[in-house]
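Asker: Protein chains in written order, with my numbering: chain B, 895 to 1410; chain U, 125 to 371.
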């Protein structure tokens, strides 16, 4: 059984190209380790995507396994479909909740006609198994404010044809999906031009404030009722079925597979909506999972901040801030170590100098989020602190390189020549004359980098690197302003503090003669 | 025989124009040689070639009988003092640090440096109280005195001055001219002085070298230039400037 998986996945990986060589090795390693891991009780790792329902399902799976005496842990909100799928195949996680429509469209890239059996067969070739549906169909849907829908007489998606002026806000994933906005617009011949991409949680707030009129949603989304929205009928049957299932590695220990299968058919739509609503109301996924098991949750004493049980707010704040400083500080140090020498070379001009400045500028034009996403698939990086530091380092490079180069180039020719005419060696000229004279410009470059890094480091939470982005991200996800501010305010204060610290440093490091 | 610097067929051209045609020139020891001519005549180029801020395209420059080349230039530079119009002082260093910069690098002792510094202050009439000041904190005339001290610190055999008084107002200029001439005489200094001002050339020059369009047109005393002009340009240049000086 194991051997057949090995050879099949090996064959597939060969066709997938060289990029996969690393994961092939790790797959073999994981397969070899499985029996050992079981014996020593290495926990089964459950992953989940970055939205409420996925968190709740992940939590339920973890609880089911633990109840069956199988050690399990839950890696929350790891990102979108592709990241979870890669993590499952790479063995970083053992199982995660997925939807049949997503499997056919995004993972297998097929038409939606596949039966459950066909899907299961295709997945088996990747060494991945699938449970029976859990019981609810969480399809995509378009929603709008009930009041508007009634006023305009909109009941189904095809009714939108009559109102081209409606503003549409869609999640970025929906905008790009094969079963997403583009084919939907074609099928229904929708005339709306004003379409924007917006985070799922923020989209509800935008809808409430009438910044947008229509958005995409999941049909089991608790916010639909909370915000008094209605789901537009998919009268042309555009959306495929999105039956919730668990995907798992076929090599996962059999008792864990059996435990997951006990969840099949236990969750209908009503129940899922209630669990989602509970998760959003309490800001606590574990409590929502409790509801599934009908267990009374142990209440933490007094009022507690959302999502993290048992850790006081000051303690969390210190943890976030220290990690944030570690991310920003370490990357800044690297930017300085590499940026100043590169700036010195760049200041001499020529093709190499142009090349250095060009490279640093190009890096800067890549949106920070995209830079993170580009680094994640590279070997050595992946989903780690390393990746965050590498991205921040690349980001911090340009201001330092450019300011070092321009600071040196701005030294008047007469002073350069005076230094040469004195007979100073080129090293002495650089260290005692040129660099001190360019110090103001270089320091201001470092200051810019530092402030940028403090801000950008909040994105590190997206790849699980922590920092003050952690509360911002979970706050965005829960649409909880207090949690967002718990990260945003300290991050802003930190940026101010860094600015102030560097202003102080200017007085120490810039020679007095240049400050008169 | 007594020439300290000897230029043999030295030429320099820039991308678009010839700056100096092949030129021969000897700079005598203990004398002040003045290079004069209209802007762009090649006088500054000649000076910058000697201290090798620019490389000659052809020819050879000997210093004390030894040819200067890229390998040994730094040791020659320490035997040459160089002062430019704006002084060329480093703004992040005090007057004192500017003057001592090079001495520190060749490893002079503190006492030696202190002694030389006092000598130079006395020589250039620079008040020791101003030594801890930064260049921006002293006047233009004082800056040139500091620049001169820096150039003289290691007792150079040759002093190159590129319009050292060009940026000063007339009163300061006159007093510095007097002081400079006195200093050259006291030190028996070999000087190569670039100016575009004939009166200044006459005042300083034991020997005047008149240049035009990258050529040396005539070399001699002011009397030679006035009484035996080599060509029409020489008379024209002398008369034009003399007219200004005398009226």
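The beta carbon of each residue, even a glycine, is placed where N, CA and C say it ideally should be. Computed from a predicted structure; not experimentally measured.
Would you call the stretch 1323-1342 of chain B and the stretch 1365-1381 of chain B in contact, with 3 or more CB pairs under 8 Å?
Answerer: No, because fewer than three Cβ pairs between the stretch 1323-1342 of chain B and the stretch 1365-1381 of chain B fall closer than 8 Å, the two stretches do not touch.
Asker: Return the residue from the list U:363, U:302, U:308 and U:334 that minimises the CA-CA distance to residue 284 (chain U).
Answerer: Ranking U:363, U:302, U:308 and U:334 by Cα distance to residue 284 (chain U) puts U:308 first.
Asker: Between which two residues does the alpha helix (DSSP H) holding residue 1149 (chain B) run?
Answerer: Start and end: 1148-1155.
Asker: Under 8 Å by Cβ, that's how I've got residue 343 (chain U) and residue 331 (chain U) pegged, so tell me the actual separation to the nearest angstrom.
Answerer: Yes, residue 343 (chain U) and residue 331 (chain U) are in contact; Cβ-Cβ is about 7 Å, under 8 Å.
Asker: State buried or exposed for residue 926 (chain B), treating a residue as buried only when at least 16 other CB atoms are found within 10 Å of its CB.
Answerer: Note on residue 926 (chain B): pLDDT 40, under 50, position unreliable in the model; the coordinate value appears next. Under this definition residue 926 (chain B) is an exposed residue.
Asker: Taking only three categories from DSSP, how would you classify residue 1365 (chain B)?
Answerer: Looking at residue 1365 (chain B) - three-state DSSP - the assignment turns out to be helix.
Asker: So what's residue 288 (chain U) in DSSP terms, helix, strand or just coil?
Answerer: Here residue 288 (chain U) sits in coil by DSSP.
Asker: Does DSSP put residue 1132 (chain B) in a helix, in a strand, or in coil?
Answerer: Correct three-state label for residue 1132 (chain B): coil.
Asker: Counting only beta-carbon atoms, is residue 212 (chain U) nearer than 8 Å to chain B?
Answerer: By this cut-off, residue 212 (chain U) is an interface position.
Asker: For residue 1350 (chain B), collect the residues of the same chain with a Cβ closer than 7 Å to its Cβ; drop the 5 residues on either side in sequence, then sort them by chain order.
Answerer: Once the five neighbours on either side are set aside, the close Cβ partners of residue 1350 (chain B) are 1262, 1286 and 1289.
Asker: Considering only their Cβ atoms, is the gap separating residue 1116 (chain B) from residue 950 (chain B) smaller than 8 Å?
Answerer: Their beta carbons are not under 8 Å apart, which means residue 950 (chain B) does not touch residue 1116 (chain B) by this criterion.
Asker: Give me the subset of the stretch 217-232 of chain U whose CB atoms are less than 8 Å from a CB atom of chain B, sorted by chain position.
Answerer: Correct list: 217, 218, 225, 226 and 229.
Asker: Which residue wins for smallest C-alpha separation from residue 1145 (chain B), given the options B:1326, B:982 and B:960?
Answerer: Of B:1326, B:982 and B:960, the residue nearest in Cα terms is B:982.
Asker: Taking the Cβ atom as the reference point for each residue, do residue 227 (chain U) and residue 273 (chain U) lie within a distance shorter than 8 Å?
Answerer: Result no, Cβ atoms of residue 227 (chain U) and residue 273 (chain U) do not sit closer than 8 Å.
Asker: Within the chosen definition, does the stretch 1122-1132 of chain B reach the stretch 1046-1056 of chain B through at least 3 CB pairs nearer than 8 Å?
Answerer: Counting Cβ pairs under 8 Å, three or more are found: they touch.
Asker: Tell me which residue opens and which closes the alpha helix (DSSP H) that residue 1293 (chain B) is part of.
Answerer: From DSSP, the alpha helix (DSSP H) with residue 1293 (chain B) extends over 1279-1303.
Asker: Is it the case that the Cβ atoms of residue 328 (chain U) and residue 158 (chain U) are separated by a distance below 8 Å?
Answerer: Contact flag set, yes.
Asker: Please say whether residue 1022 (chain B) and residue 1062 (chain B) have beta carbons closer to each other than 8 Å?
Answerer: No; because the gap between Cβ atoms is not below 8 Å, this pair is not in contact.
Asker: Is residue 197 (chain U) near the ligand FMN, in the sense that its beta carbon is under 7 Å from a heavy atom of that ligand?
Answerer: For the ligand FMN, the structure offers nothing, since it holds no ligand at all.
Asker: Evaluate residue 961 (chain B) with the Cβ neighbour count: other Cβ atoms within 10 Å of its Cβ, from every protein chain shown; 16 or more gives buried, anything less gives exposed.
Answerer: Looking at its Cβ environment, which holds fewer than 16 other Cβ atoms inside 10 Å, residue 961 (chain B) is exposed.
Asker: Which stretch, first to last residue, makes up the beta strand (DSSP E) that contains residue 989 (chain B)?
Answerer: Unbroken beta strand (DSSP E) run through residue 989 (chain B): 989-993.
Asker: Could you tell me the alpha carbon to alpha carbon distance between residue 1093 (chain B) and residue 1065 (chain B), rounded to whole angstroms?
Answerer: For residue 1093 (chain B) and residue 1065 (chain B), the distance between alpha carbons rounds to 5 Å.
Asker: In this structure, does DSSP put residue 1117 (chain B) in helix, strand or coil?
Answerer: In this structure, residue 1117 (chain B) counts as helix in the three-state DSSP scheme.
Asker: Could you list which residues in chain U have their beta carbon closer than 7 Å to that of residue 1314 (chain B), in chain order?
Answerer: Neighbours of residue 1314 (chain B) on chain U, chain order: 177.
Asker: Using the rule of at least 16 other Cβ atoms within 10 Å of the residue's Cβ for burial, across every protein chain shown, is residue 250 (chain U) buried or exposed?
Answerer: Looking at its Cβ environment, which holds 16 or more other Cβ atoms inside 10 Å, residue 250 (chain U) is buried.
Asker: Please compile the residues from chain B whose C-beta is within a distance smaller than 8 Å of the C-beta of residue 259 (chain U).
Answerer: Ordered by position in chain B, the residues that pass the 8 Å Cβ test against residue 259 (chain U) are 1407.
Asker: What span of residues does the alpha helix (DSSP H) with residue 305 (chain U) cover, start to end?
Answerer: First-last of the alpha helix (DSSP H) with residue 305 (chain U): 294-311.
Asker: Report yes or no: do three or more beta-carbon pairs, one from the stretch 1227-1247 of chain B and one from the stretch 1289-1298 of chain B, lie closer than 8 Å?
Answerer: Segments in contact, yes.
Asker: Could you please tell me which residues of the stretch 171-200 of chain U, in chain order, have their CB closer than 9 Å to any CB of chain B?
Answerer: Of all residues in the stretch 171-200 of chain U, 172, 175, 176, 177, 197, 198, 199 and 200 have a Cβ within less than 9 Å of some Cβ in chain B.
Asker: Would you grab the beta carbon distance between residue 975 (chain B) and residue 1000 (chain B) for me? Rounded to a whole angstrom, and I think it's under 8 Å.
Answerer: With 8 Å as the limit, residue 975 (chain B) and residue 1000 (chain B) qualify as a contact, their Cβ atoms being about 5 Å apart.
Asker: If contacts are defined as beta-carbon pairs under 8 Å, then residue 257 (chain U) and residue 291 (chain U) qualify, I think. What distance do you get, rounded to the angstrom?
Answerer: The pair is not a contact, with the Cβ atoms about 19 Å apart (cut-off 8 Å).
Asker: To the nearest angstrom, how far is the alpha carbon of residue 940 (chain B) from that of residue 1279 (chain B)?
Answerer: Roughly 21 Å between the two C-alpha positions.
Asker: What is the DSSP secondary structure of residue 220 (chain U), reduced to helix, strand or coil?
Answerer: DSSP places residue 220 (chain U) in helix when its eight states are reduced to three.
Asker: Given a threshold of 16 other Cβ atoms within 10 Å of its Cβ, counted over all protein chains shown, does residue 355 (chain U) qualify as buried or as exposed?
Answerer: Exposed, since its Cβ has fewer than 16 Cβ neighbours within 10 Å.
Asker: Are the stretch 1311-1321 of chain B and the stretch 1252-1269 of chain B touching, with three or more C-beta to C-beta distances below 8 Å?
Answerer: No: the two stretches stay apart, fewer than three of their Cβ pairs being nearer than 8 Å.
Asker: Can you check whether the C-beta of residue 288 (chain U) is within less than 8 Å of a C-beta belonging to chain B?
Answerer: No - not a single Cβ of chain B is within 8 Å of the one on residue 288 (chain U).
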